[in-house]
Each structure stands twice: as C-alpha cells, then as structure tokens.
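Participant: Quick note on this note's numbering: the sequence shown kicks off at 838 and runs consecutively. Backbone N, C-alpha and C fix where the C-beta goes; we use that ideal spot for every residue, glycine too. One structure, pasted below without further comment.
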Amino acid sequence: LVTVRASLDGASDLDVPRKRLGGRLGRAGAHLRHYLVDLPGQARAQGCDAIFCPTSLGPLRGRIPSFITLFDLSPLTHSATMDRVSGQYIRAMLGAGLKRSAGVCTISHAVADEIGARYPRLQGRVAVAYPGPNPELIDAVPSAPDLPDAPFLLMVGTLEPRKNHLTIVRALADHVRRRPASPLWLVLAGSAGWLYQPVLDAIGELGLISRVVRLGTVEPGVLKWLYQHAAALLFPSLYEGFGLPVLEAFALGCPVVAARIASVLEIADGDSAMLLEPTDVPAWAAALDRIEAGGLPPGMVEAARRRAQRFTWAGCADSVVTLIRSSRQEVREAV
C-alpha cells in the first residue's frame, strides 16, 4: 500500500478579512488544481493503490480510491466558525470529496455518528482514529513567557464563537465580583479567529482588562510551560471534533475543567476532569471558586494521566491502515 500525503499549506488562512479576498481566491485556485490535477496525477504516476489525505479535502477526480480525514462538521453545523465566502468554498469542496471518497477517517465517535447521520452511504466506511498529544509539545523544552507571578487559568484555542470564551469571561467576572481578593487571572493562548471582537469587548466591559492576558499563538515550549503551571485548563467549547487541549493537559499534568459535550466525554470522565454544561455561567464561576480554594478533587490529575495513555499516534496509524485495508476489495475493483 502506497499513500500520497495531500499538502494543504495555508488552509487555515482561508478565514481572513474580506479585504484579502483576492489572496483567498488565489489560494482556492491552487487548492482546486491540486485536488483536480496534481494529486490524482502523482498517485497515478507512482502506481498507488489508494490515496490517503490527512485533511478534509480529497481528490475530486481519478479512479484511485481515496480516503479523507474529517475532523469535525463545523463548516456545516457552526457557520460562525468562518466567514461566508470561506464557508461556501469549504462546504463545496467537502461535499465533492465525500461523494467520491471510499472511506473517511475521523477523530471521535461523536463525529463518526454525525457523518453517518448526514451521509448514510458512508455508514460502515467511517473509522475513528483517535490522535495522540502533539509530539512537538510533549518533547519541547518548557519556556516561561513574561507573565505576572500569580495563579492563572488557561484557555487554549482560536478566539471564535464555538470556543465559547464568553462563558469564561463572564464566569471570571462573577468570581471576582464575589471574591475581589482572588489572585486568579486568565491566559488566552490562540489566534484571533472569526467574530472574536465580542470577547474583547466583554473583557473591557466587565472590568477584566487587568485579569486577562492574550498571548496569541505560542510556541510548543511556551504552551508546555503554560500547561505545567496553570491552575487549570478551562475548555468550555460548544462543539469539538475531539478536544486536543484536554488530552494535552491530561498528558502534562494540568487539571481540567471542560464542557460536557460528546467528543470531550470520549477523552475525559468525572474522575479525570470536572465536567460542566458549556453555557452554565454560574457553574463555571463556582468551579473557579473551587480552583481558588484548592478544592479540585484529589487524584484527578493522576486519573487524567492514565487516561491520556490510551491515546497514541501508533494507535491512530493502526486505525487508518485498518480502514484502508478493509476496503481492499473496492480498491481492486477500482484499479
């Protein structure tokens, strides 16, 4: 079995301000050429039995069976994740790729169930391949950023509506209002995405400017230090394909308070994390009270480390290969 790895450099840059529309269209043209011409041609020239794409976009033509990786269905279920033009393009490409895909890899049973419900023809041809923690993060040398010397809460992820930063900002404001002497403050690690301004506005309106630090995207060494020194990772996402920051925090010994959503429940349980309804501001504020008082459940971090050991890249690779091999008969018929 030979696989061709599809390159999608700059895919995350599709979600940019409209003034850069020309740049986006240029990249979209390059993507179309890659998936219409280059990738199928490379696979054919190398005599490939199958094409595996570690992205949600796959070849749009050709007889060689292809397998794509679908991390979540946010372009379909959470349109606020991206602007209208980007959303239309990605949805069109995703639909085209799924129509000719011989199988789909995804990263949680929650997403697998969504795929099966939306695309009945793919039922039985979707494999869950859980990722492991980022090796660059795990192997990095911790590097301390310039931060105040006080206990901090950590959020990791793009500033965008489905990450639900607003719930944490409001919970922190409630916590500080009731406990003005609390030393807790909040670190936001992640780039500014689509519709992030309401979060910044709320920080100012609720008087939290001195309690919130935005670091933007950070290097692995800095992120590792943040996980290792945070009082807790807060992960209130409304929707996730998996929830990688939860797994990373587990692996690095950081306590976790996370949203009780389907994908996160595949990583965490009540012994390894504190699980809350994602939009329940009073519950999140109460969790901050417990964190400040040092009242997180004993043994939670150790339970989390044990759960993290279940998620490895070797296991992920095995799941991918199993999916492709299970379609061997279809591959033979197609080639």
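Which whole-angstrom value describes the C-beta separation of Pro1119 and Ala1096, a residue pair presumed to lie in contact below a C-beta threshold of 8 Å?
Facilitator: Contact flag wrong, Cβ pair sits at about 15 Å.
Participant: Given a threshold of 16 other Cβ atoms within 10 Å of its Cβ, counted over all protein chains shown, does Ile975 qualify as buried or as exposed?
Facilitator: So Ile975 counts as exposed.
Participant: Would Gly895 be called buried (16 or more neighbouring beta carbons within 10 Å of its own) or exposed?
Facilitator: With 16 or more Cβ atoms within 10 Å of its Cβ, Gly895 is classed as buried.
Participant: Measuring alpha carbon to alpha carbon, tell me which of Leu1043, Pro970 and Pro1017 ends up nearest Ile1005.
Facilitator: Answer by Cα proximity: Leu1043.
Participant: Going by C-alpha distance, which of Pro968, Ala939 and Pro979 is nearest Tyr956?
Facilitator: With distances taken between Cα atoms, Tyr956 lies closest to Ala939.
Participant: List in chain order: all unbroken alpha helix (DSSP H) runs of 4+ residues lying wholly within the segment 1041-1129.
Facilitator: If we require 4 residues or more, the alpha helix (DSSP H) runs fully inside the segment 1041-1129 come out as 1057-1066, 1081-1088 and 1118-1129.
Participant: Within 10 angstroms of its Cβ, does Gly859 collect 16 or more other Cβ (buried), or is it exposed?
Facilitator: With a pLDDT of 47 at Gly859, under the threshold of 50, the predicted position of this residue should be treated as unreliable, though the coordinate-derived value follows. Per the 10 Å Cβ criterion, exposed.
Participant: Could you tell me whether the Cβ atoms of Arg958 and Val941 are closer together than 8 Å?
Facilitator: Taking 8 Å as the Cβ cut-off, Arg958 and Val941 do not qualify as a contacting pair.
Participant: Taking 8 Å as the CB-CB limit, is Leu894 close to chain D?
Facilitator: Of the chains in the structure shown, none is chain D; there is only one protein chain.
Participant: How about Ser1109 and Ala1069: do their beta carbons lie closer than 8 Å?
Facilitator: Cβ atoms of Ser1109 and Ala1069: not closer than 8 Å.
Participant: Classify Gly940 as helix, strand or coil using the three-state DSSP reduction.
Facilitator: Here Gly940 sits in strand by DSSP.
Participant: Alpha carbon to alpha carbon, how far is Glu1077 from Ser1100?
Facilitator: Near 6 Å, if we compare the C-alpha coordinates of Ser1100 and Glu1077.
Participant: State the start and end residues of the unbroken alpha helix (DSSP H) segment that holds Leu913.
Facilitator: It spans Ser911 to Thr914 - the alpha helix (DSSP H) in which Leu913 sits, taken as one unbroken run.
Participant: Taking Ala814 as part of the alpha helix (DSSP H), name the residues at either end of that continuous run.
Facilitator: The chain is shown only over 838 to 1172; residue 814 falls outside these bounds and no answer can be derived.
Participant: Give every residue of the same chain whose Cβ lies closer than 6 Å to the Cβ of Pro891, excluding the five residues on either side of it in the sequence, and list them in chain order.
Facilitator: Result list for Pro891: Thr906, in chain order.
Participant: Using C-beta distances below 6 Å, list every residue in its chain close to Arg1014, excluding the 5 sequence neighbours before and after it, in chain order.
Facilitator: Excluding residues within five positions, none has a Cβ falling inside 6 Å.
Participant: How many Å lie between Arg1016 and Gly1053 at the Cα?
Facilitator: Near 28 Å, if we compare the C-alpha coordinates of Gly1053 and Arg1016.
Participant: Measure how close the beta-carbons of Gly884 and Trp1150 come, nearest whole angstrom, since I'm counting them as under 8 Å.
Facilitator: Between Trp1150 and Gly884 the Cβ distance is about 27 Å, and since that is not below 8 Å, they are no contact.
Participant: How would you write the range of the beta strand (DSSP E) that Ser903 sits in, first residue to last?
Facilitator: Its beta strand (DSSP E) spans residues Ser903 to Leu907.
Participant: CB-CB under 6 Å to Asp1011, same chain, minus the five flanking residues each way: which ones, in chain order?
Facilitator: Closer than 6 Å at Cβ, skipping near neighbours: Ala1122.
Participant: Name the two residues that bound the continuous alpha helix (DSSP H) containing Ala1151.
Facilitator: It spans Trp1150 to Ser1163 - the alpha helix (DSSP H) in which Ala1151 sits, taken as one unbroken run.
Participant: Looking at Val1036 and Leu1063, is the spacing between their C-beta atoms short of 8 Å?
Facilitator: It is not a contact, given that the beta carbons lie outside the stated cut-off.
Participant: Under 7 Å Cβ to Cβ from Ala1154, same chain only, skipping five residues before and after it: list those, please.
Facilitator: Nothing listed; no residue qualifies.
Participant: What are the partner residues of Leu1025, as DSSP defines its beta bridges?
Facilitator: DSSP output for Leu1025 lists Met992 and Arg1051 as bridge partner(s).
Participant: Does DSSP classify Ala977 as helix, strand or coil?
Facilitator: Reduced to three states, the DSSP call for Ala977 is coil.
Participant: Applying the 10 Å Cβ sphere with the 16-neighbour rule, what's the burial state of Thr1159?
Facilitator: With fewer than 16 other Cβ atoms within 10 Å, it is exposed.
Participant: Let me know if Glu1114 comes out buried or exposed under the rule of 16 or more other beta-carbons within 10 Å of its beta-carbon.
Facilitator: Exposed is the call here.
Participant: Of all the options Thr995, Leu990 and Asp1038, which has the alpha carbon lying nearest to the alpha carbon of Ser1019?
Facilitator: The option with the nearest alpha carbon to Ser1019 is Leu990.
Participant: What residue does the beta strand (DSSP E) around Ala964 start on, and which one ends it?
Facilitator: Segment Val963 to Val965, the beta strand (DSSP E) holding Ala964.
Participant: For Pro902, count the other beta carbons within 10 Å of its own beta carbon; 16 or more makes it buried, fewer makes it exposed. Which is it?
Facilitator: With 16 or more other Cβ atoms within 10 Å, it is buried.
Participant: Among all the DSSP beta bridges, which residues are the ones paired with Ile888?
Facilitator: Looking at the DSSP assignment, Ile888 forms a beta bridge with Ser903.
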